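Below is one structure, written out as structure tokens; the observations come after it.
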Amino acid sequence: MVAFVLAESPALPLHTAGKYVAAAYVVAFAVVLIYVAVMAIRLSHVERDLGELLALSERSEQEPSAPAMAADPERESVLP
Amino acid sequence: MYGKGLRALSISTVVAMALALGLVFFYAPLEAEQGFLQKIFYVHVPLAIVALCGFVIGGLFAIQHLRTRDLRWDMRSYVAIHMSLIFGVATLITGSIWAKGSWGHWWVWSEPTLVSFLIVFLLYATYQPLRFAIEDPERQSRYASVFAVTAGAFVPMNFIAVRISTAYLHPRVLGSTSNLPGPMRLTFLISIVAMALLFATLYRYELTAKHTRQQVRALRRRLAGEGTSAPRQGRSAVPSLQAAGAMSAPSSAASSV
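Going down the list, the protein sequences come from chains W and P.
Its first residue numbered 0, the first sequence is counted upward by one per residue in numbering that gives the first Met the number 0.
Its first residue numbered 0, the second sequence is counted upward by one per residue in numbering that gives the first Met the number 0.
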């Protein structure tokens, strides 16, 4: 398969133009790659924010049960 | 949601890009004058076309925003221009590399195609600072839309002006696609489709990410006991969807964009 592709391929970068062509394609894909990397960093921030929000919502769910627990001293707490 | 269909779009983009690259390097014949260097044409020109179309699309979304006052259109306009700027950077760099290989200079100021694209790029480079300079979200979105419409109208005018100019110093491989031989034309058209799909995928990706971040912020405010319509903290160039209560899932017509 590789031999077929190489046999069929036109003059691949073997002369002076090759470095310019390679540079142009590398730049085009590097720009996209940088963009995707930036988006990945932002996604990790969103993930962190969602984790904080989940913790906040769990805390706010547990808060209303606190007076009830205080009223019933026999009840065992599962809170750390 | 904005993310609907993103997977299918991403797969189509990968397939189209692979096909385009295969055609560029294994199918399209070498051009007689420039030889292998002409392969840059298949990445540089589609990048430029898609970037310019993105600017125009941003202007069309801005018209919709001014007509409807729906902030989702402002967000779409903002993201389209944002993506076009990224594509514009790639266009300028690949063009510069092509110029160096073809003419021996990184930049030629006497060439109208290069300079006109730079002017358009610099014009749009002021879009984000303009947004950032205006604190009031309502005014910010309105002024930004007026800018996007005006600049969007400038893009085709600029293109026509360059076309009717008489200088042909730019390594113009084609006047139109009809001048290209069959295999080159096919490769070029598939390269444009692949680049347009890449733009569409990144556009949807960015839109989904921005919408998700704003939803997370709204949720944080709600859990903290503030209303979701509370004014945003600090200054930002990014449109705020919360002012119009647009944080709910977008309508089916709107989400199809």
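Using N, Cα and C, we set each Cβ at its ideal position, and we do this for glycine too.
Note that the structure is a prediction, hence the values are computed from the model and not measured.
Helix, strand or coil, according to DSSP, for residue i in the structure here?
i        : result
Glu205/P : helix
Glu30/P  : strand
Thr125/P : coil
Ile133/P : coil
Pro182/P : helix
Tyr1/P   : coil
Ala193/P : helix
Gly224/P : coil
Ser109/P : coil
Could you pull out every residue in the same chain whose Cβ sits closer than 8 Å to the Cβ of residue i, ignoring the five residues on either side in sequence?
i        : result
Leu206/P : Tyr1, Met74, Arg75, Val78
Arg6/P   : none
Could you tell me the boundaries of the alpha helix (DSSP H) in which residue i lies?
i        : result
Gly103/P : Gly103/P -> no alpha helix (DSSP H), and no H or E assigned at all.
Ile48/P  : 40-67
Asn157/P : 136-163
Lys18/W  : 16-61
Val237/P : Segment: none, Val237/P is in no alpha helix (DSSP H) and carries neither H nor E.
Ser11/P  : 5-25
To the nearest angstrom, report how far apart residue i and residue j are at their CA atoms.
i        : j        : result
Glu62/W  : Gly87/P  : 52 Å
Gly57/P  : Ile80/P  : 6 Å
Lys209/P : Pro155/P : 29 Å
Arg66/P  : Pro28/P  : 48 Å
Glu137/P : Ala143/P : 10 Å
Arg71/P  : Ile33/W  : 26 Å
Asn157/P : Phe60/P  : 20 Å
Ile163/P : Tyr24/W  : 30 Å
Cys52/P  : Val26/W  : 21 Å
Arg203/P : Ala16/W  : 36 Å
Below 6 Å CB to CB, which residues in the same chain sit around residue i once its five sequence neighbours on both sides are set aside?
i       : result
Pro72/W : Bear in mind that the predicted position of Pro72/W carries a pLDDT of just 48, short of 50, making it unreliable; the figure below should be weighed with that in mind. Answer for Pro72/W: no residue qualifies.
Lys99/P : Trp105
Please work out which residues of its chain come closer than 7 Å, Cβ to Cβ, to residue i, disregarding the five sequence neighbours upstream and downstream, and give them in chain order.
i       : result
Val49/P : Phe86, Met194, Ala195, Phe198
Glu75/W : Low local confidence applies: a pLDDT of 46 at Glu75/W is under 50, so the model's placement there is unreliable, with the coordinate-based value given in what follows. Taken in chain order, the list of residues that qualify is empty.
Ile40/W : none
Shorter than 8 Å from the beta carbon of residue i to some beta carbon of chain B?
i       : result
His43/P : In the structure shown, chain B does not exist; the protein chains are W and P.
Exercise for review: Determine contact between the stretch 178-191 of chain P and the stretch 105-125 of chain P, defined as no fewer than three beta-carbon pairs at a distance below 8 Å.
Suggested key: no
Q) Does the stretch 49-57 of chain W come close enough to the stretch 128-139 of chain P to have 3 or more Cβ pairs within less than 8 Å? A) no
| Should the stretch 211-226 of chain P be regarded as contacting the stretch 5-21 of chain P, the criterion being three or more beta carbon pairs within less than 8 Å? | no
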